[in-house]
Each structure stands twice: as structure tokens, then as C-alpha cells.
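Notes follow once the structure below has been shown.
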Amino acid sequence: MNEVSEDGMKWIRQYDEHAEEYDEKIKIYDAFLKIDMMKEREQLMAMVPIEEGSRIVDISIGTAANYIALYNLNLDRVRGVILHGIELSRGMLKVVRRKLEESNLESVLIHADINKKYPFPDNYFDAVTHSGGINTFSDISRAFSEMLRICKLVELYLSLTRASHRHKRKQSLVNG
1 MNEVSEDGMK WIRQYDEHAE EYDEKIKIYD AFLKIDMMKE REQLMAMVPI
51 EEGSRIVDIS IGTAANYIAL YNLNLDRVRG VILHGIELSR GMLKVVRRKL
101 EESNLESVLI HADINKKYPF PDNYFDAVTH SGGINTFSDI SRAFSEMLRI
151 CKLVELYLSL TRASHRHKRK QSLVNG
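All residue numbers for the sequence shown refer to my numbering, where the first residue is 1 and numbers rise by one.
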């Protein structure tokens, strides 16, 4: 991985430290908020049109919750799909590898600074997903631009982050 930004180093330390118990902490957080994020993820992942050979990337894959949601929906639907994941934290990638192996899912996992240009050509993916970690991006607009750059169709981009919705609302207010 190339040089990591100062913001990136902060997130690496935090997520590496909590990677093994991250899913359990998220369940507690979800219970506190009275939401079932896995159910929410499943509903949104159900909208992603998937065909054999489709390429999907999850930016800041965390512990692979989006891919597990896709798997929960229909394992046969996921077979033949080329799953990719980009993550800043090696600890999180270790958890992802274990979870995907347990689910018999294959994925191309890349350790990369999510705050820099993604290592893919333009229009490479059929779908780009990101969930819950928009706060880890030092430049949210640039992150969205990168996600859109690597996605074939803008309509396929999904974001499950409250912060991104607030960001869009702010943009709407600023732009009129």
C-alpha cells in the first residue's frame, strides 16, 4: 500500500484494535438504536442487479457485512459474481477473509488507502457499495467521485450511511 494519510493512520489503529469484536459491538449499537442493520443491508443489496460475471466492490468493506447480507439473500445469486473489497485496516481484512471462507464466498481483497485514488480503471464495476464508514474519508466528495468513477452505471451506487444522506442534504441546501 502507498503512503497512508494521517487520517488513514488514525482509522487503521482504531479498526485494527477492534476488528475481532467489531461485529459484536455493532450489534450492541444497533440494539441501542433499535434498528436491524443486517435487515437494512439485505433490503438494499436485493436491489443490486446481479448476473453471473458481475463485478461488485465494497469500499471500506469492514467485516464484509454487505457481502454477508447478499449471501443471506440467496447464495445461488452470488455464485459467479466477482466480489471485491477495499479496506484500510489489515485487522478488518483478516476478519473478512475468515467470514468469507466460512460462507464459501470468494473475494478479491485489497489493502488500500480509501482516501486516495482506487486501484481500478474507470467503469470497472457493475456495482459499488459502501456502508457505515463515510466518516473514515478525509474528503467525502472525492470519495464519492472515486466510487462513481469506477462504477459503470451511476444508478447502481448504494450508500447505507446516515452521514452520506446528511452530506447530500447539505449539498442540496447549498446548491439551491
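Where is the CB? At the ideal position from N, CA and C, for every residue including glycine. Model, not experiment: these values are computed from the prediction.
Residue range R55 to I59 is occupied by the beta strand (DSSP E) that includes R55, with no alpha helix (DSSP H) assigned at that position.
About 7 angstroms separates the CB atoms of T136 and I114; that is less than 8 angstroms, so the two are in contact.
The closest CA to that of L148, considering only K94, L33, V57 and L44, is found on V57. By the beta-carbon neighbour count (other beta carbons within 10 angstroms, threshold 16), D139 is exposed. For I150, there is no enclosing beta strand (DSSP E); the residue is found in the alpha helix (DSSP H) stretching over I140 to I150. In this structure the segment 88 to 102 touches the segment 14 to 33; the number of beta carbon pairs closer than 8 angstroms is three or more.
A143 and N104 have their C-alpha atoms some 30 angstroms from each other.
V128 sits in a strand when the DSSP states are folded into three classes. Here DSSP, grouped into helix, strand and coil, assigns V108 to strand. N72 and L109 have their C-alpha atoms some 20 angstroms from each other. Three or more beta-carbon pairs separated by less than 8 angstroms link the segment 38 to 48 to the segment 63 to 71, which places the two stretches in contact. Positions of the beta strand (DSSP E) runs, each at least 3 residues long and wholly inside the segment 63 to 96, are given as 82 to 87 in order along the chain. Nearest neighbour of E52 by Cα position, chosen from S145, V81 and L153, turns out to be V81.
Within its own chain, the residues whose Cβ lies closer than 6 angstroms to the Cβ of F120, once the five positions on either side in sequence are excluded, are I150, listed in chain order. Using a Cβ distance threshold of 9 angstroms, K117 and E87 do not count as a contacting pair. The C-beta of N74 has fewer than 16 other C-beta atoms within 10 Å across all chains shown, which makes the residue exposed. Taking the CA atoms as reference points, N66 sits about 8 angstroms from S131. Judged by DSSP secondary structure, F32 falls within the alpha helix (DSSP H) whose first and last residues are Y22 to L33.
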